[in-house]
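Take a look at the structure below.
Numbering (the working numbering), first residue to last: -17 to 76.
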């Protein structure tokens, strides 16, 4: 992930298209929290194969937006300190 560009993950795409009203329901269906999902969305962690499968299955409960493939979660790029924006770094180090 390049610090000058924001790489949009599949889960980020799904979150933006779904909107906040689906995000909490989605977390419950996936058996996780919105906080954990946000860590995946912004590249602070990757999902295990088992979690990725549950998250992918949960995205299939709606006809729109298009579901997220489990591979997109397992092999998603991870941020490093070099790729954190000042805003992210301030938020996660407070």
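Positions of the beta carbon are idealized from the N, C-alpha and C atoms, including for glycine.
Boundaries of the alpha helix (DSSP H) around residue 17: 16 to 23. For residue 24 and residue 31, the gap between their C-alpha atoms comes out near 18 Å.
Look at residue -5 here: in three-state DSSP terms it is helix. Sixteen is the threshold: when 16 or more other Cβ atoms of the shown chains lie within 10 Å of the Cβ of residue -9, as they do, the residue is buried. Here residue -3 is buried: its Cβ has 16 or more other Cβ atoms, across all protein chains shown, within 10 Å.
One Cα belongs to residue 13, the other to residue 36, and the distance between them is close to 7 Å.
In the same chain as residue -7, and ignoring 5 residues on each side of it, the C-beta atoms closer than 6 Å to its own belong to 22, 23 and 50, in chain order. Boundaries of the alpha helix (DSSP H) around residue 5: 2 to 12. Scanning its chain for C-beta atoms nearer than 6 Å, with the 5 sequence neighbours on each side dropped, one finds around residue 19 the residues 9, in chain order.
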